[in-house]
Structure formats: C-alpha cells, structure tokens
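Here's the structure, in structure tokens; my notes come after.
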Amino acid sequence: MLKHIRNLTLYTSFLVLVFVIVQTQSISSAKSLSALDGSPSQESVTGSSSQENVTDLPPQERTTEAPPLESTPSTVVSDPQGTAELELNGNLLTIHISLTGLAPNSTHPAHIHSGSCEQHPEGPILYPLPNITADEQGNAMLDTTLTNFQLPDQPISLNVHNGPTLDTDEQKMVIACGDISFTGTHATVSLGQTSN
1 MLKHIRNLTL
11 YTSFLVLVFV
21 IVQTQSISSA
31 KSLSALDGSP
41 SQESVTGSSS
51 QENVTDLPPQ
61 ERTTEAPPLE
71 STPSTVVSDP
81 QGTAELELNG
91 NLLTIHISLT
101 GLAPNSTHPA
111 HIHSGSCEQH
121 PEGPILYPLP
131 NITADEQGNA
141 MLDTTLTNFQ
151 LPDQPISLNV
161 HNGPTLDTDE
171 QKMVIACGDI
181 SFTGTHATVS
191 LGQTSN
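Rendered as structure tokens:
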C-alpha cells in the first residue's frame with residue numbers, strides 16, 4: 001500500500017512538473033514573439049486588474065485580431081439619374097444608357113422588367129442587360145443590343161439595381177427605373193429613383 005502511495009505521489013509530481021514546464025515555455029514563447037514584433041512583453045503590460053493579459057490565456061484563446069465590428073445595414077449611397085435611348089429594328093433592340101450619380105466604381109445589374117416602375121413588387125425580368133459599371137466619378141454608359149426582342153402587350157420598364165449582384169434584398173433594390181413607351185420604333189426613357 002505504501003509503495004502504491006509513493007508511486008501515486010511520484011506520478012502527481014511528474015504531472016505538476018510537466019505543467020510548470022509547459023506554462024514556462026508558453027510565457028517564454030510569448031516574450032520571444034513580443035520581442036520580435038515590438039509588442040510589449042508580459043512584464044511591461046500594465047493596466048487595471050480587470051484586464052486580462054493575452055499570455056494568461058490558453059494558446060487556443062490567444063489572438064492578435066481586433067474583435068469583429070457590429071455590422072450595420074448599408075444603404076444606397078447613390079442618387080442615379082439618366083436616360084436610356086431604345087431603337088427597335090425588327091427583332092433587334094439597340095439600347096444606350098447614360099447614368100450619373102452612381103457610387104464611384106460600383107456595379108449594377110440592369111434588366112427590362114414587365115410592369116411599370118410604380119408596380120411593387122416589380123414584375124419578372126423579361127430581358128437581362130449587361131451590368132452597368134460606374135467610373136471614378138459615378139458616371140456610367142452602356143451600349144447593348146438585344147436580339148429576338150418581342151415588344152409585349154403589357155407595360156415594361158428598365159430597372160437598374162443596387163448590386164453588385166442580386167443575392168440579397170438590398171442588392172435587388174431598384175435604384176433607378178424608367179417606364180418604356182415606344183413612339184414608332186424609338187423610346188426615350190428617363191431614369192431615376194422611384195417612390196418604391
């Protein structure tokens with residue numbers, strides 16, 4: 001029995017020794033790292049007793065990263081205005097869009113939708129257009145041609161979305177819209193914000 005207690009005492013002493021060595025190496029490593037990167041060592045860190053030194057934390061909880069900032073919903077930072085000139089030639093529709101007031105260097109999906117700009121929610125996409133990309137001043141132009149265009153019987157509109165994709169409701173938000181109404185084979189569309 002005495003031999004068993006002695007073995008248990010030796011085993012416990014061994015575990016305590018291993019623990020002390022690991023802790024000492026952790027502190028030495030932290031001091032070495034702080035000496036390399038110029039950050040203060042554990043001895044030079046001062047503060048109130050409610051603060052916790054990074055080196056007092058277990059290795060898996062140590063970090064040099066700042067805590068994440070709380071996210072706030074972003075808003076549209078542009079007030080786009082412009083025009084679209086549409087020319088119909090048989091089943092070819094040539095479109096020239098000119099916009100100002102976009103966020104600099106921003107990208108915006110654009111489409112021809114069924115329904116008017118005042119319709120909420122907007123009608124389905126009839127014809128997708130190439131993305132509109134603003135320059136450093138927030139100006140953008142797009143020239144494109146749609147083939148196999150069929151003028152529908154219902155109202156249609158040209159929508160420019162917040163973008164840069166249509167993955168979220170905020171990105172899908174229409175930031176400029178204009179109702180398309182042809183006079184013969186031509187339509188001039190005023191693009192701007194809607195009440196929706």
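Every letter in the sequence shown is one number past the one before it in the UniProt record's numbering, and letter 64, counting from 1, is 64. Here a beta-carbon is modelled for each residue, glycine too, at the ideal position from N, C-alpha and C.
Between which two residues does the alpha helix (DSSP H) containing glutamine 171 stretch? 169–172
Exposed unless 16 or more other CB atoms sit within 10 angstroms - verdict on glutamate 122: buried
Is it right to say proline 109 is buried, meaning 16 or more other beta carbons lie within 10 angstroms of its own, or is it exposed? buried
Three CB pairs or more closer than 8 Å across the stretch 129–138 and the stretch 83–92: no
Which residue wins for smallest C-alpha separation from isoleucine 125, given the options Ile180, Ala176, His111 and Met141? His111
Buried versus exposed, by CB contacts within 10 Å (16 or more), proline 80: buried
By how many angstroms is the C-alpha of alanine 103 removed from the C-alpha of glycine 192? 14 Å
Measuring alpha carbon to alpha carbon, tell me which of Ser114, Thr100 and Lys172 ends up nearest leucine 142. Thr100
In whole angstroms, give me the CA-to-CA distance for histidine 96 and leucine 146. 11 Å
Quick check: what's the CA-CA separation for phenylalanine 182 versus glutamine 154? 12 Å
Excluding the 5 residues flanking leucine 57 on each side, which residues of the same chain have their C-beta closer than 8 Å to its C-beta? With a pLDDT of only 49 at leucine 57, under the threshold of 50, the placement of this residue in the model should not be trusted, and no figure is reported.
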